[in-house]
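Numbering (the working numbering), first residue to last: 14 to 516.
Quick reminder that beta carbons are idealized off the backbone N, C-alpha and C, glycines included.
Okay, so here's the structure we're looking at.
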């Protein structure tokens, strides 16, 4: 590492990283303190030097310590990264990776991100290790010399070796039930075994697919994570040319092309623009466009799966904390709302009666889900307003409990509920079925208004009270997570005045 000028910069930036293995927390603290004194340019140079050292030599623990400290500071800067050989091979898999394995049954062109590490361990324990090790050495030399043509060539060679190795190892394992079970155990599961097969297919198809994806990325606006933010007409034309070129090769290639394109788009329903463009071209040419139906079929399948996930989530928390459950519901409702709205805008351009019927049904399901979850959110948002039972003769009624300070968990749950209500309201507004939710919102406004007024009068009559002040502070936090309506903003001001007066 000392032979690289970049490594010297990294070593100067973190002079004691390697010598403090016995006290990692102390080391990380000193690194973080040092990096905060650097300007953006220096941070990027340090990161580039360390990543280059890691990519060109056997990784050291100090490299990972330095990068661990740098990552949070570099997120907003988005510098060009220098990946390790393994990561460089896996870049082409990115459009096919999923973070959570929630799909059931046989799947295609989908790989759980968690399957990558055990797959690589399988290769490293196989007879193909020497070939991959040699390619790794070539990659390190090319990176150290900054020879981009050689870097690209060795990455492509490495992918072909990894694809060949994976295909061979899985084929050998499939010949014996015992051996297949052993490999599945090594990989972690039967699903990971299937994922390894998908990895091999995608690596093998990479020379055909990635050049088209790169061209599409180059002409379209991109998100921070490199996905296509808006599928522009120019990008759509390139995607069409890619389809026409690949269609002549193999139907399997086209399937993986479409799957990869859908994951490449931050708004996957925009892929219907490609279907519309291709359908017109193929119709004029008198060609068969049946293969294009995979895109709308997959989009509707994803929407159906999201709606089903909403239904499963609604039946119980499945071991989640209440806060996580509420936030999961908010995400699912938002995702379904975005998918329905985006697909509806694209579908109306087709005039396809079948698709329009499916959209009507989907919108009804989203409306029902949003209304149901809004009711749940209204209930849980009131957790910061504790109540106690009061007996009067034969009756028991609930009254405000002015002795209980809401716990951090109760406040977090109530804030999550407010976030869920906001998500439901946004979907309802966009889809035009917000009457029911507005009624719930009015009830919630009245409840919060009464609660603030009651506590203000209580404090004015009895003086400072720690528990009551804590309730007002918690309620203010919840209100800030609610929709920014005029009535709710007024309640925030009302709560702030009460808190400040009796602080």
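- Secondary structure note for residue 458: it is in no beta strand (DSSP E), and the uninterrupted alpha helix (DSSP H) holding it is 448 to 475.
- Taking residue 111 as reference, the option from 121, 280, 98, 126 with the minimal CA-CA separation is 126.
- In the displayed model, residue 346 falls within a helix according to three-state DSSP.
- For residue 400, the enclosing beta strand (DSSP E) begins and ends at 400 to 405.
- The residue from 132, 321, 255, 275 with its alpha-carbon nearest to that of residue 212 is 132.
- About 10 Å separates the CB atoms of residue 142 and residue 174; that is not less than 8 Å, and the two are not in contact.
- Following the DSSP letters along the chain, one finds residue 513 inside the alpha helix (DSSP H) bounded by residues 499 to 514.
- In this structure, the CA atom of residue 155 is about 10 Å from the CA atom of residue 168.
- For the set 181, 129, 442, 172, the Cα lying nearest the Cα of residue 148 is the one of 172.
- Listed in chain order, the non-local C-beta contacts of residue 428 below 7 Å within the same chain comprise 490, 491, 494, local neighbours out to five positions each way being set aside.
- Assignment of residue 413 by DSSP, reduced to helix, strand and coil, places it in the strand class.
- Under DSSP, residue 125 forms a beta bridge with 111.
- About 5 Å separates the Cβ atoms of residue 259 and residue 266, confirming a contact at the 8 Å cut-off.
- Assignment of residue 241 by DSSP, reduced to helix, strand and coil, places it in the strand class.
- For residue 177 and residue 236, the gap between their C-alpha atoms comes out near 33 Å.
- Contact annotation: the stretch 218 to 237 touches the stretch 261 to 281, with at least three C-beta pairs closer than 8 Å.
- Listed in chain order, the non-local C-beta contacts of residue 289 below 7 Å within the same chain comprise 362, 363, local neighbours out to five positions each way being set aside.
- Cβ neighbours of residue 376 within its own chain (closer than 7 Å, five residues either side excluded): 353, 444.
- Assignment of beta-bridge partners to residue 235 by DSSP yields 241.
- Leaving aside the five residues that flank residue 430 on each side, the residues in its chain whose CB is nearer than 6 Å to its CB run, in chain order, 339, 390, 393, 394.
- Between residue 291 and residue 256, the CB-CB gap stays under 8 Å.
- Here residue 179 is buried, its C-beta having at least 16 other C-beta atoms within 10 Å.
- Per DSSP, the beta bridge partners of residue 278 are 241.
- Using a 10 angstroms sphere on the CB of residue 411, the tally of other CB atoms stays under 16, which defines it as exposed.
- The C-alpha of residue 146 is placed about 50 Å away from the C-alpha of residue 432.
- Excluding sequence positions up to five before and after residue 311, its CB lies within less than 7 Å of the CB of 275, all in the same chain and listed in chain order.
- Per DSSP, the continuous alpha helix (DSSP H) segment holding residue 152 begins and ends at 142 to 158.
- Under DSSP, residue 408 takes part in a beta bridge, and its partners are 405.
- Out of 121, 281, 286, the CA that lies nearest to the CA of residue 210 is found in 121.
- Here the stretch 497 to 504 lies against the stretch 454 to 467, with 3 or more beta-carbon pairs under 8 Å apart.
- If you draw a straight line from the Cα of residue 351 to the Cα of residue 440, it comes to about 8 Å.
- For residue 369, the closest of 381, 382, 355 by C-alpha to C-alpha distance is 355.
- Cα atoms of residue 204 and residue 223: separation of roughly 25 Å, rounded to the nearest angstrom.
- For the pair residue 233 and residue 365, the Cα-to-Cα distance works out to about 28 Å.
- Short of 7 Å from the beta carbon of residue 477, and not among the five residues preceding or following it, lie these beta carbons of its own chain, in chain order: 515.
- For residue 495, there is no enclosing alpha helix (DSSP H), as DSSP marks it with neither H nor E.
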